[in-house]
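Numbering (this note's numbering), first residue to last: 13 to 191.
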């Protein structure tokens, strides 16, 4: 299973720092991820290294982020409109959205809070900040163990094994993406 972490074009050091803690590696191992690509942007390069069970690729930016997104089973990203739209076009089974709460007027929260209802990705959850995300993947957050087991089950099913959501806005998004 492949995971990609995307921070976008602005600095989001708290999300890349969350990738360095043991909780993150344990979460990836638990859900069956064997390869992770982490876009760290202008933040310091994470100290995460490949192991026998997890291949790690680190990059600041790439002109072809789309290829990483399309190959991913799970996407962990900031709540920017571009990456969210790209994820909706992907075959990912899981999308975990982490709001960069340091941006102007905390504008990412508006889009992030709508995505679980309208995204075509079968398992889509959002977190109001990196601390809430870390709590969730550690099993101590609002979704805790439920998140870990839900992600694991959905990754085993794959995108097309999960249920497509049927909402009015979600149908419009799917129709536009199909064009």
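All C-beta atoms, glycine included, are put in the ideal place defined by N, C-alpha and C. Owing to the predicted nature of the structure, the values given are computational and were not obtained by experimental measurement.
Item: Exposed unless 16 or more other CB atoms sit within 10 angstroms - verdict on residue 85; Value: buried
Item: Range covered by the alpha helix (DSSP H) that runs through residue 80; Value: 77 to 83
Item: Through-space distance from residue 31 to residue 118, alpha-carbon basis; Value: 22 Å
Item: Per-residue burial, residue 71 [other beta carbons within 10 Å of its own, 16 or more giving buried]; Value: exposed
Item: Cβ neighbour criterion (16 or more within 10 Å) applied to residue 63; Value: exposed
Item: Environment of residue 51 [buried if 16+ CB atoms lie within 10 Å]; Value: buried
Item: Proximal residues to residue 140 (C-beta, below 7 Å), its chain only, five neighbours per side dropped; Value: 111, 113 and 121
Item: Length at least 4, wholly inside the segment 37 to 81: the alpha helix (DSSP H) runs in chain order; Value: none
Item: Extent of the continuous alpha helix (DSSP H) run through residue 100; Value: 93 to 101
Item: Neighbour-count burial assignment, residue 28, 16 or more Cβ in a 10 Å radius; Value: buried
Item: Residue of 102, 40 and 126 minimising C-alpha distance to residue 65; Value: 40
Item: Rounded straight-line distance, which links the Cα of residue 25 to that of residue 142; Value: 10 Å
Item: Residue 166 versus residue 158 - alpha carbon distance; Value: 12 Å
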